[in-house]
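*Asks:* This structure is in C-alpha cells; I'll ask about it shortly.
Listed below in C-alpha cells is the structure:
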C-alpha cells in the first residue's frame, strides 16, 4: 500500500506496529505529546519530565515512550518532507489504524507548525563548506626590495569557510592586484545576476 | 575441549579454596563486574582487610577467576568439560558447582563483550544527500547538469568521520543496481546452503 506521507512508498513495519501503542494514550495526551515532539524537531528542546507525566497514565514503559516519540517524529518530519496537506495525512493515518480523535489532534498540530517544520528541514539540508565571514582591506604598496617605486593598490581578502569533511572553520587569506580583483568582481556580479533571475 | 591452566594460574586460584564459598561467590560477582566495566583496585584493598590477607592474593584470585571465565566463554566449552578442567584445581564439590553456575549464567554476556573486541572497519552511521542542477559556470552558460552530492558519515569505535562524494544520476543508478545485486546474492542457493550449514 503506497502512502503519500512515506513518499509514495510502503509504510515501514515498525510504524504500523506502534499505532496500537499510540492508541493506548488518550487523544488529549497524544496531542500534547505531539507538541513536545514538534518542539524537539524544531530544536527547541524536549521536556522529558512532561513526556513521562503524559505517558504515565497509559502506563508506558521506557521502551514504549521511546517508540511513541520515534513514531511521531517520523510521521511529522516525513509529512513535512513530502509536503503532504493535513487532510491527506489524516486519511492515511486513519487507514493505518490510528483512531479518529488521535488523528485530528496530530493533524491540527502538524498544520499549525507545517511551515516552521519545512523551514527547519531546509536549514539542516546538506550544505558543504558554508562561507562564514569575509573581511577585506585595501593596501597601497609604495616600494619593495625589487623596485623602488611600486605605487600599486592591492586588496587583502580573508575568507572563513567551513571545511566540508570535518565541519571546522578554515581561514584563507589572499592578496589580489587591482586588475585581477576587477575580473573577480565582474564574474561574481554575473553570477549574482543569474541567481537573481532564478529567484 | 579441556581448558589447560598454567601453574601460575592454578596457584592464583588456589587462594580461593582457603576462603568461604560465600566469599568465592562474592569474588565471582566482582570478577563479572570488572569484565563488564573495568577493574577497580580499591575493592581489592577493602576485601583484603576484611579477610585479613594481602591485597595481592585477593587481586590474583579475582583476576584468576576473570581469566577462567573469559577463556571458558571464548572457547564455549560444555558443562562437562568445564567441570573436568576445574577438577584439576582440587576444589570442594560446592566450589566446583559455584564456579559452574557462575560460568553458565554469565557466558552469553561475556561472549558479547568479547565480540566487541575484534578489530573493525569504519561502518555506516548516516547518509545525507542533495540533488543539484548546474545551470552555468564561468566557462559555459546555459547548461543543465544534474549532480547528486552525498555526505557519508562513518563511525569507527568512538571516532566519527565524514566523506563528501559527488556523482551524476547515471552513476548513482549503477551504484544502486550493484548494491541491490549484492543484497540479492544473500538469497542465492549457494549462500543459503552455506548459511544452513553454519547454523
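Protein chains in written order, with UniProt numbering: chain A, 1 to 199; chain B, 1 to 199.
In this text, a Cβ means the ideal position worked out from N, Cα and C, and glycines have one as well.
In this text the structure is predicted, and so the values were computed from the model without any measurement.
From residue 163/A to residue 126/A, what does the alpha carbon distance come to, in whole angstroms?
*Replies:* Numbered from 1 along the first chain, position 163 holds the residue referred to as residue 163/A. Numbered from 1 along the first chain, position 126 holds the residue referred to as residue 126/A. The alpha-carbon atoms of residue 163/A and residue 126/A are separated by roughly 13 Å.
*Asks:* Taking residue 68/A and residue 18/A to be in contact with their CB atoms under 8 Å, please state how far apart those CB atoms are, rounded to whole angstroms.
*Replies:* The residue labelled residue 68/A in the question sits at position 68 within the first chain. The residue labelled residue 18/A in the question sits at position 18 within the first chain. Yes, residue 68/A and residue 18/A are in contact; Cβ-Cβ is about 7 Å, under 8 Å.
*Asks:* Taking C-alpha atoms, which residue in 152/B, 32/B, 125/B, 129/B lies nearest to residue 112/B?
*Replies:* The residue given as residue 112/B occupies position 112 in the second chain. With distances taken between Cα atoms, residue 112/B lies closest to 32/B.
*Asks:* Can the beta-carbon of residue 68/B be found closer than 9 Å to that of residue 3/B?
*Replies:* If you number the second chain from 1, residue 68/B lands on position 68. If you number the second chain from 1, residue 3/B lands on position 3. Their beta carbons are under 9 Å apart, which means residue 68/B touches residue 3/B by this criterion.
*Asks:* Just how far apart, CA to CA, sit residue 72/B and residue 82/B?
*Replies:* Start at 1 with the first residue of the second chain, and residue 72/B comes out as number 72. Start at 1 with the first residue of the second chain, and residue 82/B comes out as number 82. If you draw a straight line from the Cα of residue 72/B to the Cα of residue 82/B, it is about 7 Å long.
*Asks:* Who are the near neighbours of residue 89/A in its chain, counting only those whose CB is closer than 6 Å to its CB and skipping five residues on each side?
*Replies:* Walking along the first chain from the start, residue 89/A turns up at place 89. The answer, listed in chain order, is 5, 79, 107.
*Asks:* Would you mind listing the alpha helix (DSSP H) stretches within the segment 78-161 of chain B that are 4+ residues and don't spill past its ends, in chain order?
*Replies:* Listed in chain order, the complete alpha helix (DSSP H) runs (minimum 4 residues) inside the segment 78-161 of chain B are 79-87, 93-115.
*Asks:* Is there at least one Cβ from chain A nearer than 9 Å to residue 210/B's Cβ?
*Replies:* Within the shown structure, residues of chain B are numbered from 1 to 199, placing residue 210/B beyond reach of any answer.
*Asks:* Cβ of residue 69/B within 8 Å of any heavy atom in the ligand GDP?
*Replies:* The ligand content of the structure shown is nil, which means the ligand GDP is not present either.
*Asks:* Classify residue 192/B as helix, strand or coil using the three-state DSSP reduction.
*Replies:* As a first step, residue 192/B is located in the second chain; it is residue number 192 there, counting from the start. Under the three-state reduction of DSSP output, residue 192/B falls in the helix class.
*Asks:* Beta-carbon separation of residue 89/B and residue 5/B under 9 Å?
*Replies:* To locate residue 89/B, count along the second chain from 1; it is residue 89. To locate residue 5/B, count along the second chain from 1; it is residue 5. Cβ distance < 9 Å, so residue 89/B and residue 5/B count as in contact.
*Asks:* Starting from the N-terminal side, write out each stretch of the alpha helix (DSSP H) that is 4 residues or longer and does not extend beyond the segment 36-64 of chain B.
*Replies:* 41-51
*Asks:* Just to confirm, are residue 156/A and residue 176/A a CB contact at a threshold of 9 Å?
*Replies:* Taking the first chain and counting its residues from 1, the one referred to as residue 156/A is at position 156. Taking the first chain and counting its residues from 1, the one referred to as residue 176/A is at position 176. Yes, the Cβ-Cβ distance between residue 156/A and residue 176/A is below 9 Å.
*Asks:* Any beta-carbon of chain B closer than 9 Å to the one on residue 70/A?
*Replies:* The residue given as residue 70/A occupies position 70 in the first chain. Taking Cβ atoms only, chain B never reaches closer than 9 Å to residue 70/A, which makes this a no.
*Asks:* With 16 other CB atoms within 10 Å as the buried threshold, where does residue 84/A fall?
*Replies:* Taking the first chain and counting its residues from 1, the one referred to as residue 84/A is at position 84. Looking at its Cβ environment, which holds 16 or more other Cβ atoms inside 10 Å, residue 84/A is buried.
*Asks:* Please report how far the alpha carbon of residue 150/B lies from the alpha carbon of residue 128/B, in whole angstroms.
*Replies:* The count along the second chain starts at 1 and reaches residue 150/B at position 150. The count along the second chain starts at 1 and reaches residue 128/B at position 128. The straight-line gap from Cα to Cα measures roughly 6 Å.
*Asks:* How would you label residue 178/A, buried or exposed, when you count the other beta carbons within 10 angstroms and need 16 or more for buried?
*Replies:* As a working mapping, residue 178/A is identified with position 178 in the first chain. Residue 178/A should be labelled exposed.
*Asks:* Determine, using beta carbons only, whether residue 34/A and residue 105/A come nearer to each other than 9 Å.
*Replies:* In the first chain, counting from the first residue as 1, residue 34/A sits at position 34. In the first chain, counting from the first residue as 1, residue 105/A sits at position 105. Their beta carbons are under 9 Å apart, which means residue 34/A touches residue 105/A by this criterion.
*Asks:* Are three or more beta carbon pairs between the segment 177-194 of chain B and the segment 159-169 of chain B nearer than 8 Å?
*Replies:* no
*Asks:* For the segment 50-69 of chain B and the segment 25-40 of chain B, state whether three or more C-beta atom pairs, one from each stretch, are separated by less than 8 Å.
*Replies:* As far as the Cβ criterion goes, the segment 50-69 of chain B touches the segment 25-40 of chain B, which means the pair count is three or higher.
*Asks:* Contact between the segment 134-145 of chain A and the segment 56-64 of chain A: three or more CB pairs below 8 Å?
*Replies:* no
*Asks:* Cutting at 6 Å between CB atoms, please list the residues of its own chain near residue 152/A, excluding the five before and the five after it.
*Replies:* In the first chain, counting from the first residue as 1, residue 152/A sits at position 152. For residue 152/A, where only same-chain residues beyond five positions count, the Cβ hits under 6 Å are 141.
*Asks:* What residue range is occupied by the uninterrupted alpha helix (DSSP H) comprising residue 185/B?
*Replies:* Taking the first residue of the second chain as position 1, residue 185/B is located at position 185. Run containing residue 185/B: 169-185, per the alpha helix (DSSP H) assignment.
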